[in-house]
Structures are given as C-alpha cells and as structure tokens.
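Student: Once you've had a glance at the structure underneath, I'll fire off some questions.
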Amino acid sequence: MIKDLNLVAEADGQLVGHILYVVSEITADGARLPSLTFGPFSISPDRQGRGYGQALLEHSLALAENSGAVLVAITGFPDYYSRFGFVKGKEVGVRYQADPEADYFLVKLFRPEVLEGRDWWFTDPPA
Numbered sequence: 105m106i107k108d109l110n111l112v113a114e115a116d117g118q119l120v121g122h123i124l125y126v127v128s129e130i131t132a133d134g135a136r137l138p139s140l141t142f143g144p145f146s147i148s149p150d151r152q153g154r155g156y157g158q159a160l161l162e163h164s165l166a167l168a169e170n171s172g173a174v175l176v177a178i179t180g181f182p183d184y185y186s187r188f189g190f191v192k193g194k195e196v197g198v199r200y201q202a203d204p205e206a207d208y209f210l211v212k213l214f215r216p217e218v219l220e221g222r223d224w225w226f227t228d229p230p231a
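In our numbering, each residue carries its 1-based index in the sequence shown increased by 104.
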C-alpha cells in the first residue's frame, strides 16, 4: 500500500468511496520498471452515478503520475476506464502474465517513451 495513494471520498460527513494503490513492476529481458496498480476501487451504491468515482479516480491518477511509476496497470472494463486514458496493455506492448491476450488488462501510460522497443510483462504483486 502507498500511503499517499490510499484515498477516500467523503460527502456530507460520510465515507462514499475508496481507492487503494500498491507498487508493482513491469519486466522485459531482465529490465524492471516501477508501475502501480489499484484495487479495490469502490463507490457506495447509493452514490454511484454522481461523479464521486470519476473525481476520486482522476485525483488519484494525477497523484500516481507524480509517483515515479511509468504506468498504472489494472484489470477492468475497457469501456469504463478508457475515458480516463487507459488502453489495452497488449496494444502498447505490455502484457498480463496471467492472460497475455486479455482485453480486460489495461494500462495508463505516464512515460511511454521508456517502453519502446521491448515486450513488457506485468505480474500481479504479491498479496
């Protein structure tokens, strides 16, 4: 867990959402680069559809971009996360070790130039 990236959303004095990031890495031919992943990411059911999730995710991604990580990697719904800049990992040369052809493995690139010329692999961090 990264203390600065363990965030909550509050409204009217109540907890309405949470997102937690952890450190991870991507590897290629013995090279390792720092990355992040998040989960859980949740919004209280009675507050969904009101912008809390969008605000929490956008704020956390802005903080994540300044963390030194080259990307954020997640498994999730492409239709939802694409509006936040996530793309299918396999389309940008980053594959999910557990399922290399997964359409649900998504990345948000912060420093795409450091990935060029190699095939990168993401493995889930230890629990």
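No residue lacks a Cβ here, since even glycine has one placed at the ideal position from N, Cα and C. From a predicted model like this one, the values you see are computed outputs, not experimental measurements.
1) Thinking just about the alpha-carbon of each residue, which of Asp-116, His-122, Asp-203 is nearest to the one in Leu-109?
2) Give every residue of the same chain whose Cβ lies closer than 8 Å to the Cβ of Pro-144, excluding the five residues on either side of it in the sequence, and list them in chain order.
3) By Cβ distance below 7 Å, which residues in the same chain neighbour Leu-119 in space, the five residues on each side in sequence not counted?
4) Here's a check: name, in chain order, each residue in its chain whose Cβ is nearer than 7 Å to the Cβ of Val-218, leaving out the five neighbours to either side.
5) Rounding to the nearest angstrom, what Cα-Cα distance links Glu-220 and Val-196 in this structure?
6) What first and last residue would you give for the alpha helix (DSSP H) that runs through Leu-219?
7) How big is the Cα-Cα spacing for Asp-133 and Ser-146?
8) Please report the straight-line C-alpha distance between Gly-157 and Pro-216, rounded to a whole angstrom.
9) In the stretch 179-213, which residue ranges form an unbroken beta strand (DSSP E) of at least 3 residues, counting only runs that do not cross its ends?
10) With respect to the alpha helix (DSSP H) encompassing Leu-68, which residues constitute its N-terminal and C-terminal limits?
Tutor: A quick look at the data gives this:
1) His-122
2) His-122, Ile-123, Leu-124
3) Val-112
4) Leu-137, Val-174
5) 9 Å
6) Annotation for Leu-219: no alpha helix (DSSP H) segment contains it, and DSSP assigns it neither H nor E.
7) Going by the C-alpha atoms only, they are around 35 Å apart.
8) CA-CA distance, Gly-157 to Pro-216, rounds to 26 Å.
9) 198-200, 209-213
10) Limits of the chain in this structure are 105 at one end and 231 at the other, which puts residue 68 out of reach.
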